[in-house]
Structure formats: structure tokens, C-alpha cells
Amino acid sequence: MSESAPLLTMRGIVKSFPGVKALRGVDFTLGAGEVVALMGENGAGKSTLMKVLGGAHQADEGLIAIDGRATPFHSPQDSRHAGVAVIYQEFNLVPGLTATENIFLGQEETRAGFIAQAPERARATALFQRLGVEIDLDLPCRRLTTAQQQLVEIAKALAFDARIIVMDEPSAALTSHEVERLFVIIRELKRQGIGVIYVSHRLDEIFAITDRVVVLRDGINVGERPTNQITRNEMIEMMVGRELKDEFPTRTSAVGPPRLEVSHLTRGRAVQDVSFTVHRGEILALTGLVGAGRTETVRLIFGADRRESGEIRLDGKLLAINSPRDAIQAGLGLLTEDRKLQGLVLGHSVRENFGLPNLERLSRRGFVQLTQEREELAGYIAQLKIKVSDQEQRAGNLSGGNQQKVVLAKWLARNSEVLIFDEPTRGIDVGAKFEIYLLMNALVAAGKSIVMISSELPEVLGMADRILVMHEGRVTGEIADARQATQEQVMSLAHA
Amino acid sequence: MKITRLLTDYGMLIVLGLLCAFFSVTTYSDQSPKGAAAAQEVAAAIGQQFGRTPRVLIAVSDQPDDAAFAAGIASALGANGAHIVATAKGGPKEARDALVKIAATGGKIDAIACTQAAGAWLVFADLKADFPSLGDPHVITPPSYRWPNFLKSENLLNIANQIAVIAIVAIGITMVIITGGIDLSVGSLLALSAVLATRFIRDYAGGMEASIGGMLLACIAAIIACGLVGAFSGAMITRFTIPPFIVTLAMMLVGSGLAYTLAKGEAIYQIPDSFVWLGRGADAFSLPNAVVLMLVLYALAHVLMSRTKLGRYLYAVGGNSESARLSGVPVKRVLMFAYIASGLLAGLGGVIMASQLKSGSATYGNMYELFVIAAVVVGGTSLSGGEGKMLGTLTGAFTIAVIQNGMNLTNVESYTQKVVLGLVILGAVLLDKIRQTR
Numbered sequence: 001m002s003e004s005a006p007l008l009t010m011r012g013i014v015k016s017f018p019g020v021k022a023l024r025g026v027d028f029t030l031g032a033g034e035v036v037a038l039m040g041e042n043g044a045g046k047s048t049l050m051k052v053l054g055g056a057h058q059a060d061e062g063l064i065a066i067d068g069r070a071t072p073f074h075s076p077q078d079s080r081h082a083g084v085a086v087i088y089q090e091f092n093l094v095p096g097l098t099a100t101e102n103i104f105l106g107q108e109e110t111r112a113g114f115i116a117q118a119p120e121r122a123r124a125t126a127l128f129q130r131l132g133v134e135i136d137l138d139l140p141c142r143r144l145t146t147a148q149q150q151l152v153e154i155a156k157a158l159a160f161d162a163r164i165i166v167m168d169e170p171s172a173a174l175t176s177h178e179v180e181r182l183f184v185i186i187r188e189l190k191r192q193g194i195g196v197i198y199v200s201h202r203l204d205e206i207f208a209i210t211d212r213v214v215v216l217r218d219g220i221n222v223g224e225r226p227t228n229q230i231t232r233n234e235m236i237e238m239m240v241g242r243e244l245k246d247e248f249p250t251r252t253s254a255v256g257p258p259r260l261e262v263s264h265l266t267r268g269r270a271v272q273d274v275s276f277t278v279h280r281g282e283i284l285a286l287t288g289l290v291g292a293g294r295t296e297t298v299r300l301i302f303g304a305d306r307r308e309s310g311e312i313r314l315d316g317k318l319l320a321i322n323s324p325r326d327a328i329q330a331g332l333g334l335l336t337e338d339r340k341l342q343g344l345v346l347g348h349s350v351r352e353n354f355g356l357p358n359l360e361r362l363s364r365r366g367f368v369q370l371t372q373e374r375e376e377l378a379g380y381i382a383q384l385k386i387k388v389s390d391q392e393q394r395a396g397n398l399s400g401g402n403q404q405k406v407v408l409a410k411w412l413a414r415n416s417e418v419l420i421f422d423e424p425t426r427g428i429d430v431g432a433k434f435e436i437y438l439l440m441n442a443l444v445a446a447g448k449s450i451v452m453i454s455s456e457l458p459e460v461l462g463m464a465d466r467i468l469v470m471h472e473g474r475v476t477g478e479i480a481d482a483r484q485a486t487q488e489q490v491m492s493l494a495h496a
Numbered sequence: 001m002k003i004t005r006l007l008t009d010y011g012m013l014i015v016l017g018l019l020c021a022f023f024s025v026t027t028y029s030d031q032s033p034k035g036a037a038a039a040q041e042v043a044a045a046i047g048q049q050f051g052r053t054p055r056v057l058i059a060v061s062d063q064p065d066d067a068a069f070a071a072g073i074a075s076a077l078g079a080n081g082a083h084i085v086a087t088a089k090g091g092p093k094e095a096r097d098a099l100v101k102i103a104a105t106g107g108k109i110d111a112i113a114c115t116q117a118a119g120a121w122l123v124f125a126d127l128k129a130d131f132p133s134l135g136d137p138h139v140i141t142p143p144s145y146r147w148p149n150f151l152k153s154e155n156l157l158n159i160a161n162q163i164a165v166i167a168i169v170a171i172g173i174t175m176v177i178i179t180g181g182i183d184l185s186v187g188s189l190l191a192l193s194a195v196l197a198t199r200f201i202r203d204y205a206g207g208m209e210a211s212i213g214g215m216l217l218a219c220i221a222a223i224i225a226c227g228l229v230g231a232f233s234g235a236m237i238t239r240f241t242i243p244p245f246i247v248t249l250a251m252m253l254v255g256s257g258l259a260y261t262l263a264k265g266e267a268i269y270q271i272p273d274s275f276v277w278l279g280r281g282a283d284a285f286s287l288p289n290a291v292v293l294m295l296v297l298y299a300l301a302h303v304l305m306s307r308t309k310l311g312r313y314l315y316a317v318g319g320n321s322e323s324a325r326l327s328g329v330p331v332k333r334v335l336m337f338a339y340i341a342s343g344l345l346a347g348l349g350g351v352i353m354a355s356q357l358k359s360g361s362a363t364y365g366n367m368y369e370l371f372v373i374a375a376v377v378v379g380g381t382s383l384s385g386g387e388g389k390m391l392g393t394l395t396g397a398f399t400i401a402v403i404q405n406g407m408n409l410t411n412v413e414s415y416t417q418k419v420v421l422g423l424v425i426l427g428a429v430l431l432d433k434i435r436q437t438r
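Residue numbers (our numbering), protein chains in the order written: chain R, 1 to 496; chain H, 1 to 438.
Next up, the structure:
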């Protein structure tokens with residue numbers, strides 16, 4: 001084809017999941033030797049687009065071309081064949097195998113059916129030399145550092161002559177020194193004519209290494225600019241860009257005395273010295289980027305993970321929380337981010353899920369009072385408008401919104417004093433979202449306290465009384481009056 | 001909708017019913033009544049044919065059933081006013097001796113009452129020619145009828161009694177598997193319990209002269225020992241998060257080794273006769289005691305699993321242990337309970353087996369863990385946890401027992417039986433998978 005055809009062209013990519021249209025016709029191009037930043041808020045569609053490119057998802061509509069030639073991307077094999085390598089945040093290495101074994105996994109060099117160890121080793125050494133680094137080829141990958149594992153992934157991509165390398169949050173787990181080394185390698189790849197798609201939330205890195213910025217929002221392109229012709233603020237505006245519509249019910253807040261006081265909570269690098277207070281009748285939003293340590297923080301409060309240090313007080317009384325059971329008995333409730341993996345037992349009925357945290361109360365001498373359980377659940381089904389065929393329906397067969405309502409019912413029945421909502425409206429349609437907002441308002445009006453983790457800025461601004469922003473395990477800012485805050489203000493705190 | 005629900009909930013029960021029907025048809029054959037029931041029929045026939053005062057010779061073999069027959073007929077005819085000339089017990093020779101003796105004293109006989117087997121003796125074949133002086137005696141035997149061997153009450157009780165041990169052990173394993181675990185140690189614990197119980201009786205409770213209280217204590221001690229092994233497995237699994245497969249595999253070896261060491265490689269049989277009460281006795285409605293115990297335990301386990309908080313927790317831990325933990329379920333305690341229960345029930349199984357066989361040996365329970373797991377799986381419990389029913393396991397255990405019993409009755413070789421059993425287990429799980437994907 002023509003000489004000028006870009007290395008990669010994606011045109012009009014559409015991808016829907018049940019209930020959500022993740023990509024609504026995205027265009028994307030990448031030239032040889034170019035580093036392009038793919039940016040956007042959480043849920044803007046970056047990961048989905050990269051999964052389409054990696055063959056992990058198939059686009060419903062749209063076209064992908066390599067060197068101007070339309071190429072099928074139906075499976076990870078197709079993608080690999082087309083010269084695309086995706087390095088996910090969670091590396092794709094077999095921990096027990098050495099770097100060499102991982103690099104050639106699935107494409108082993110053989111002589112008469114036996115693996116040709118010496119030639120493979122020589123090739124691996126050559127690959128690392130090309131990257132200008134040295135890796136111990138005899139160690140199993142789990143004993144390499146994160147940065148070294150990333151290099152193995154890059155070498156693996158080069159081993160099958162990848163011409164397009166996608167790096168998803170490559171710096172998330174690296175020290176600043178390691179990030180510098182990574183940049184050196186990216187520049188080397190660039191020099192060798194490889195196109196790099198750099199997905200990151202860190203604006204500094206975007207400015208340091210990329211040539212061009214592509215911004216997605218709500219599954220569609222909202223802007224594209226050479227990196228040297230854009231400012232930091234312009235970039236944030238492009239990502240946020242949405243006006244605050246009337247999608248949140250109004251509420252007059254009546255914040256009371258302190259309720260839950262958390263001080264100096266620490267666990268490893270994920271949560272470092274986090275302190276905050278939630279008041280009676282208050283919604284406190286905990287926001288920040290994915291991986292900022294928000295979920296990790298509330299898991300420590302709830303006793304789901306063991307904290308290294310820190311104190312938790314409820315109404316001034318020190319709580320000894322060592323397990324979720326302790327937390328629940330103290331009056332806390334946690335609506336987890338991942339309903340399917342943590343919030344519900346999907347194979348069990350709605351009734352059994354509802355009863356689970358409430359069995360202490362619902363049983364007499366160890367026997368579950370089925371009638372009482374059914375009656376209470378029937379009340380919540382009516383109150384929360386949960387759409388179920390009957391109480392015995394499997395929780396796994398409900399829609400996301402209804403699943404979330406079942407989880408809600410479970411904790412409402414428990415009558416917890418402090419409720420922690422982790423991404424309460426993720427994957428839920430607009431109507432159900434509004435109902436959940438109404439319910440949250442009703443709860444605080446009744447004197448309960450809510451800690452809400454949310455990555456959706458409009459939700460944070462529309463629902464919270466107060467905002468706490470986290471970045472890399474630390475609280476980096478507090479906005480005392482959420483109603484006066486702007487998305488830009490929050491975003492710049494989150495990007496710290 | 002209702003029918004599909006019925007099929008999914010009770011599918012295995014239907015399969016079990018079909019199996020029973022199949023073996024009923026294939027074992028349908030001539031039956032000769034035995035014992036007291038046969039005596040009633042013969043007595044009635046004699047009364048009808050020969051009026052109020054017939055002269056009767058009773059001829060029976062020396063089997064226990066025949067003794068009951070002879071006693072029954074003597075009392076029934078005696079009540080009618082018949083004259084029992086003589087009773088010949090043993091074989092054809094005794095019958096001939098009795099006939100010769102009667103003939104020698106000039107006696108006469110109207111009827112010879114005997115069982116079907118005795119009626120076929122050659123000595124009765126030509127009475128007129130051999131003993132003309134006796135008159136015209138008729139040989140009266142109980143009428144035969146046709147009925148499946150499989151459905152005879154002795155056979156059905158036999159099936160129940162044979163499966164009792166496996167079914168009781170399967171209760172514990174069902175709980176463990178519902179929590180998403182596995183317990184491979186039950187076969188070894190069964191042997192350990194049998195050896196411990198019999199050794200305690202022999203060495204500490206007075207051996208052959210042991211009192212009931214002593215035996216009871218010995219058995220309880222053995223069962224508790226197995227419960228402690230279960231607690232150890234549970235602690236390893238919950239405290240150190242070692243996979244249950246590995247922990248219980250290790251305990252399987254440990255338990256078996258201990259059993260052999262404690263038994264010194266022999267069977268321990270120095271125990272009182274009364275020890276067999278649990279395994280062989282039948283006190284209520286002629287149901288074997290072990291079967292009664294099994295039914296009671298299943299009723300309790302069913303209530304536990306379906307009605308109590310603990311039961312709900314067992315399912316929740318297996319269905320999604322993280323979700324259960326975040327809902328405040330004491331996951332570790334629930335797991336401990338399952339493994340302790342499994343150990344205790346394996347111990348109880350060992351005691352019952354020792355009682356059935358009136359001895360304790362380290363060879364008991366070999367491969368039982370696999371039969372027990374097979375019963376659980378055939379009963380519809382998912383090995384991935386969170387699903388399953390106690391009564392399903394009971395159905396599964398009976399399905400396996402019925403297949404084995406039916407094949408024994410139809411003279412299928414034991415090697416072939418293994419092949420069939422293996423395929424049946426696979427088939428049952430396949431059936432379950434097919435219905436799940438629908």
C-alpha cells in the first residue's frame with residue numbers, strides 16, 4: 001500500500017457490553033516511531049479500546065488497519081500476528097518460569113522436538129542488549145523486580161517482532177528512577193520504528209515522553225493534539241469536559257457531630273497515614289484515580305485487610321476491628337466495588353444473600369426464622385423497587401442495578417450506622433442510579449453517615465458534602481464544601 | 001416449569017427409582033415362602049383338605065427358617081386339634097427314619113407338611129409303594145409365588161445396612177464439599193476409629209467381659225479422637241491456608257499409619273458379643289439399628305443445612321468465601337466445624353463397621369473416601385462448593401448401593417461391577433452438567 005499509510009489505523013470502533021456502550025465510534029491512529037498518549041477519565045473507554053486492539057474484546061463495528069491494510073482482530077492470536085503487543089498493568093508472565101522461558105512461551109524454538117535452550121538464551125540475551133539492560137536469565141520471574149518484569153514483557157513483545165506496543169499504566173508500580181529508565185527504553189523503541197501507545201493518568205509523564213495526546217470521554221474522541229501544543233489545564237478540561245446536569249436529587253445537608261474518626265491508617269504503600277472524620281448525616285466522598293488507595297483504605301476500616309497501624313473510633317469510642325465481623329457488629333457496612341466477586345454469592349438466591357449479614361438477628365437458637373426473613377425482604381423489594389421474579393431467584397441472574405439494590409437491602413436490614421459505598425453506581429443504568437442517590441439522601445437524612453468512593457467526578461460533586469482526594473496512598477487534599485468545588489480542582493489534586 | 005424444577009431437584013431420585021424398577025424386573029423369579037408365614041399357609045391348606053383332626057408328619061431341614069416353620073405349623077395345627085405324629089428335622093435320612101418308625105408302629109398319616117425344599121426330597125416321591133401301611137399321605141408344601149429377589153424385604157434391608165456406614169460418613173463430606181473443600185482422610189479415620197474403639201474395649205474396658213458403659217466410653221473416645229484429627233486438618237487449612245486436598249491427603253496417610261501401628265497389623269476381636277448391637281441388631285420395626293441411626297443423622301443434617309444459621313453459613317462460604325467474610329460470616333469457624341464434623345462422622349462410621357464385623361482392623365475403610373465422595377457427587381453436590389443437598393447425598397449413596405446389590409443379584413462379576421460403577425459416577429455428573437447448562 002501507500003508509503004504514507006500510518007502504522008495503525010482504528011476507524012469507528014464500537015463496542016457494547018450488556019447495559020453499557022463502552023465505545024461509540026472511536027478513531028485512533030499511530031505512526032511508526034511515534035509515542036501517543038491515550039487519556040481519559042476512569043471509564044472513558046481507554047481499556048476497552050486497548051482490549052479491542054489486543055484481541056481480548058472484539059469490536060461490534062469498525063475497522064482496524066495495519067500499514068493501511070484492513071486486518072482481522074478476532075483473537076489475541078490475530079493481534080499478535082498483526083504485530084501488536086499489549087503490556088497490561090497486571091503482567092502476563094508465568095511467575096515460576098525464567099525470563100527466557102516467558103519470552104518464548106508459546107513460540108518455543110525446538111530441535112527435534114526438544115527446546116533449543118542455547119539458541120533461545122542467546123536470542124534473549126540479544127533482546128535485552130537491544131534494550132540496553134541486563135536481566136538474570138536463570139531466575140524465575142517472580143524473583144525479578146517489577147521494573148525487571150516489565151522489561152521481560154517488552155522483550156517478549158520484541159521477540160515476536162511487535163511493531164506496536166501498548167503500555168497500560170506502565171509507571172504505576174515503578175519508582176521515579178525506574179520510570180526514567182523506562183523512558184530511555186521507550187526512546188530506544190521509538191528509534192527502532194516501533195509505535196508506542198502510552199496509557200497513563202500521570203500528566204508529567206505524558207509531557208515527558210509522548211508526541212501526541214488522544215483524549216477519550218464516554219467512549220468517543222473528544223480531542224487530539226501534539227503534546228507540545230497543549231497545556232496541563234487544557235488536557236484536564238478535555239478529559240472532564242462534561243457539564244453538570246440535573247442528575248442528582250437535591251438535599252439539604254444537616255451535618256452533625258463527628259461519627260467515624262479514622263487516624264493514621266497505614267498498610268504498605270497502598271495506604272499511608274490516612275486520617276479523616278465522617279460526621280453524622282454527612283456524605284464524605286473519597287475520590288482519586290484508580291489505584292490511589294481508596295478501596296484499600298476502606299477495606300482497612302472494615303477489617304477486610306489487616307492494618308499495620310491506625311485507630312478507628314465510632315462516636316468517640318475506640319473500636320477493635322480485626323475482621324469484617326467485628327466491623328459489622330460495631331455498626332459499619334461495606335458495599336463493595338465488585339458486587340460479583342465480593343458483594344454477592346451469585347449462585348445463591350436473593351433471599352439467602354439478603355439474610356447473610358442479618359442471620360444473627362433473624363435466627364432463634366440457631367434456626368433461621370424463614371417467615372421473618374421473607375417478610376423483611378419483601379418489604380425491601382417493594383421499597384427499593386428491586387425487580388426479581390421471586391425471592392428464590394439466583395442473584396447472578398439479576399441486572400447490575402438490581403444486584404446493587406440487593407446488596408443495599410442487605411445492609412439496610414442490618415441498620416448500620418456508617419455505610420461505606422465503594423463505586424455505588426458503577427455499571428448501573430441512569431434510572432437505577434437516581435434511585436440509589438435518593439436512598440443515600442434518605443439515609444443521611446435519618447442520621448446515618450456515608451463514605452462514598454467514586455471515580456465519577458459529577459457524582460462526587462453532586463452527592464458529597466465534603467471531598468477527600470487521594471493519590472498514591474495518601475490524602476492529598478480536602479475540599480470542605482463540595483458544592484463550591486469544580487471538577488478541575490479535584491482533578492488537579494488527584495494528579496498531584 | 002414445575003416439572004423441570006421437580007426434575008432438577010429430584011432427578012437422581014428418579015434415576016434411583018428407575019434402577020430399582022430395572023433390578024426388580026431382572027430379578028423377578030419363583031419364591032418359596034419360608035418360616036412362620038409359610039407355616040400359616042400350609043396349616044390352612046391341611047385344615048381345608050383333611051378336616052379337623054388330620055394326622056400329620058412335619059419334615060424340615062435344620063435351617064433356622066425351617067425351625068420357625070416347624071414351630072409355626074405345630075402350634076397352628078395343634079390349635080386346630082390336629083395330631084402331630086412326628087417331626088423330622090434334618091435331611092431326607094431323618095425323614096425316612098421317621099416314616100419307617102411310624103410304619104413299624106402301624107401308624108397312619110394323612111399329610112406331610114414340609115417346606116418346598118423338603119417337599120422335593122426323593123423319600124416322598126413314591127410313598128404309596130415305599131410305605132403302603134401309612135395310608136394315603138399327601139405332601140403339602142407352601143404354594144410358590146413370583147416376586148423380584150431385589151424387592152424382598154431382607155434384600156432391601158441388606159442394602160440399607162451395607163450402605164449405612166458410607167452414608168453416615170458422607171454427611172460430613174457433604175458439608176466439607178459444600179464449603180468448597182474436600183476431605184480425603186475419612187477412609188483412614190474410619191479404620192483408626194475401629195481400631196481405637198476395639199483396642200480401648202480390649203485393653204481398658206475388660207475385653208470380652210466389657211460392660212455396656214465401658215464399650216460406650218471406648219466408642220466415644222474413638223470418635224472424639226477422629227474429631228480431633230478433623231480439627232487438626234481444619235486448623236491447618238484455616239490458619240495456614242494449605243489446600244484441603246493436601247492437608248487431608250497427609251492426614252489420610254497419618255491416620256492409616258496410626259491405625260496399622262495401633263492394631264499391630266492384626267484384627268482386634270477380643271470384644272463382647274453384645275458389641276454387635278449397633279451394627280447387626282434390629283430393635284425398631286425390624287429396621288437395623290445402624291440404618292435407624294443413619295436416618296436420624298440425615299434428618300438432623302438436613303435440618304441443619306436447610307434451616308439453621310450455621311447451614312446457611314456453610315453454603316455461603318462455599319459459594320463465595322470473600323463475599324461471606326465481608327458479610328460478617330466467621331469463615332474460619334465455619335470451616336473448622338465442617339472438618340470436625342467430617343472427622344467425628346468418620347469416627348462413628350468406624351465404630352459401626354467394627355460393630356458389624358465384631359472386630360477392629362486397620363484394613364477397614366480402604367478406598368472409602370472415594371466411595372463417599374462418589375456418593376456425594378452422584379447426589380448432585382458440586383465439587384466447586386456452595387451447592388448441594390443432604391438428601392441428595394443419601395440418594396447418591398443408595399444409588400451406588402442399589403447398583404452394587406443389583407449386579408450381585410444378577411451375578412455380574414465384581415471386576416465388571418467396578419467398570420459399571422465408574423461409568424455410573426461419570427454419567428451422574430454428566431447429567432448434572434447437562435441440566436446446569438440448560
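Beta carbons: idealized from backbone N, C-alpha and C, even for Gly. Here the structure is a predicted model, which is why all the values come from computation and not from measurement.
Check: How about the region 259 to 276 of chain R and the region 24 to 40 of chain H: do they share at least three Cβ pairs that are nearer than 8 Å?
Finding: no
Check: If you run the structure through DSSP and keep just helix, strand and coil, what is L251/R?
Finding: Sequence index remark: in the first sequence, residue 251/R carries index 251 (1-based). Checking the displayed sequence, the identity of residue 251/R turns out to be Arg instead of Leu. R251/R falls in the coil class under three-state DSSP.
- Query: Expressed to the nearest angstrom, what Euclidean distance is found between the alpha-carbon atoms of V247/H and A338/H?
  - Reply: Residue 247/H sits at position 247 when you count from the first residue of the second sequence. Residue 338/H sits at position 338 when you count from the first residue of the second sequence. Near 14 Å, if we compare the C-alpha coordinates of A338/H and V247/H.
| request: Use the C-beta contact count for G17/H: other C-beta atoms within 10 angstroms, 16 or more gives buried, fewer gives exposed. | output: Numbered from its first residue, the second sequence carries residue 17/H at position 17. G17/H comes out exposed.
| said: If distances are taken between C-alpha atoms only, which option among L468/R, R212/R and E488/R comes closest to I479/R? | reply: Translated into the one-based positions of the first sequence, residue 479/R becomes position 479. It is L468/R.
Nearest-angstrom Cα distance between R130/R and S176/R? Working through the first sequence from its first residue, we reach residue 130/R at position 130. Working through the first sequence from its first residue, we reach residue 176/R at position 176. So the alpha carbons of these two residues sit roughly 23 Å apart.
Determine, for Q129/R, whether the minimum Cβ-Cβ distance to residues of chain H falls below 7 Å. Residue numbering aside, residue 129/R sits at position 129 when the first sequence is read from its first letter. So, not an interface residue.
N353/R, enclosing alpha helix (DSSP H) - first and last residue: Looking up residue 353/R in the first sequence gives position 353. Where N353/R is concerned, the enclosing alpha helix (DSSP H) stretches over V350 to G355.
Of all the residues that make up the region 297 to 320 of chain H, which are near chain R by a beta-carbon distance shorter than 7 Å? R307, T308, K309, L310, R312, Y315, A316, G319 and N320
Under a three-way DSSP split, which group does A56/R fall into? Position 56 of the first sequence, counted from the start, is the residue given in the question as residue 56/R. If DSSP states are grouped into helix, strand and coil, A56/R belongs with coil.
inquiry  = Nearest by alpha-carbon distance to L7/R: which of A70/R, G343/R, I428/R and H74/R is it?
reply    = Looking up residue 7/R in the first sequence gives position 7. The option with the nearest alpha carbon to L7/R is A70/R.
| task | Could you tell me which of E108/R, F114/R and I154/R sits nearest to L127/R, measuring between CA atoms? | result | Position 127 of the first sequence, counting from 1, holds the residue named residue 127/R. That would be I154/R, whose Cα lies nearest to the Cα of L127/R.
What residues of chain R sit near P243/H, judged by a beta carbon separation below 8 Å?
-> Translated into the one-based positions of the second sequence, residue 243/H becomes position 243. Those within 8 Å of P243/H in chain R number zero; the least Cβ separation is about 17 Å.
Checklist entry - Would you call P95/R buried or exposed, if buried means 16 or more other Cβ atoms sit within 10 Å of its Cβ? => result The residue labelled residue 95/R in the question sits at position 95 within the first sequence. Classification of P95/R: exposed, given that the 10 Å Cβ count is below 16.
Practice prompt. State the DSSP-derived secondary structure class of I13/R, mapped to helix, strand or coil.
Written response: What you label residue 13/R is simply residue 13 of the first sequence in a count that begins at 1. Strand.
Review point. Of all Cβ atoms in chain H, is any one closer than 7 Å to the Cβ of S363/R?
Key: Residue 363/R sits at position 363 when you count from the first residue of the first sequence. Chain H, which has a Cβ nearer than 7 Å to the Cβ of S363/R, makes this yes.
- Bridge partners - S233/H, DSSP secondary structure assignment: What you label residue 233/H is simply residue 233 of the second sequence in a count that begins at 1. For S233/H, which the question treats as bridged, DSSP gives no partner whatsoever.
Review point. Is the Cβ-Cβ distance between E61/R and V14/R less than 7 Å?
Key: By 1-based counting over the first sequence, the position of residue 61/R is 61. By 1-based counting over the first sequence, the position of residue 14/R is 14. Against a cut-off of 7 Å, the Cβ pair of V14/R and E61/R comes out as a contact.
Which runs of the alpha helix (DSSP H), 4 residues or longer, sit entirely within the region 419 to 488 of chain R? 430 to 445 and 457 to 463
Exercise for review: Compare the Cα-Cα distances from L122/H to each of A95/H, W147/H and N155/H and report the closest residue.
Suggested key: By one-based count along the second sequence, residue 122/H stands at place 122. Ranking the options by Cα distance to L122/H, first place goes to A95/H.
- Item | Test item: CB-CB of T87/H and A70/H under 7 Å | Indexing the second sequence from 1 puts residue 87/H at position 87. Indexing the second sequence from 1 puts residue 70/H at position 70. Yes; because the gap between Cβ atoms is below 7 Å, this pair is in contact.
Under three-state DSSP, which class holds W147/H? Within the second sequence, the letter at position 147 stands for residue 147/H. Reduced to three states, the DSSP call for W147/H is strand.
task: Determine the chain H residues that contact G343/R at a beta-carbon separation under 7 Å, and present them in chain order.
output: Taking the first sequence and counting its residues from 1, one reaches residue 343/R at position 343. Going along chain H in sequence order, the residues near G343/R (Cβ under 7 Å) are S323.
**Prompt:** Within this structure, are the beta carbons of G360/H and V229/H separated by less than 7 Å?
**Reply:** By one-based count along the second sequence, residue 360/H stands at place 360. By one-based count along the second sequence, residue 229/H stands at place 229. No. Outside cutoff.
### Query
Sorted by chain position, which residues of the same chain lie with C-beta nearer than 7 Å to I230/R's C-beta, five sequence neighbours on each side aside?
Along the first sequence, one-based indexing puts residue 230/R at 230. The answer, listed in chain order, is V213.
For K317/R, name the three-state secondary structure that DSSP assigns.
-> Position 317 of the first sequence, counted from the first residue, corresponds to residue 317/R. In this structure, K317/R counts as strand in the three-state DSSP scheme.
Given V56/H as reference, the closest of M236/H, A76/H, P33/H and F398/H once Cα atoms are compared
What you label residue 56/H is simply residue 56 of the second sequence in a count that begins at 1. Considering only alpha carbons, the answer is A76/H.
Exercise for review: Report yes if the CB atom of K156/R is closer than 7 Å to the CB atom of I103/R, and no otherwise.
Suggested key: Residue numbering aside, residue 156/R sits at position 156 when the first sequence is read from its first letter. Residue numbering aside, residue 103/R sits at position 103 when the first sequence is read from its first letter. Going by C-beta atoms, K156/R is nearer than 7 Å to I103/R.
Which residues in chain H sit within 7 Å of F367/R, going by Cβ to Cβ distance? In the first sequence, counting from the first residue as 1, residue 367/R sits at position 367. Chain H residues near F367/R: R307 and T308.
Exercise for the section: Kindly say whether M1/H, judged by its beta-carbon, lies nearer than 7 Å to any beta-carbon of chain R. Expected result: Numbered from its first residue, the second sequence carries residue 1/H at position 1. For M1/H, the predicted structure reports a pLDDT of 47, less than 50, and the residue's modelled location is therefore unreliable. The matter cannot be settled from this model.
Worksheet entry | Limits of the alpha helix (DSSP H) - the one that F128/R falls within | The residue you call residue 128/R lines up with position 128 of the first sequence. Residues Q117 to L131.
**Residues, ordered as in the chain, of the region 360 to 372 of chain H that lie near chain R by beta-carbon distance below 7 Å** = none
Handout entry: Secondary structure of R280/R, DSSP reduced to three states
Key = For the purposes of this step, residue 280/R is identified with residue 280 of the first sequence, where counting begins at 1. In this structure, R280/R counts as coil in the three-state DSSP scheme.
Chain-ordered chain H contacts of E459/R [CB-CB under 9 Å]
Residue mapping note: residue 459/R aligns to position 459 of the first sequence, counting from 1. Going along chain H, no residue has its Cβ under 9 Å from E459/R, so there is no contact; the nearest lies around 23 Å.
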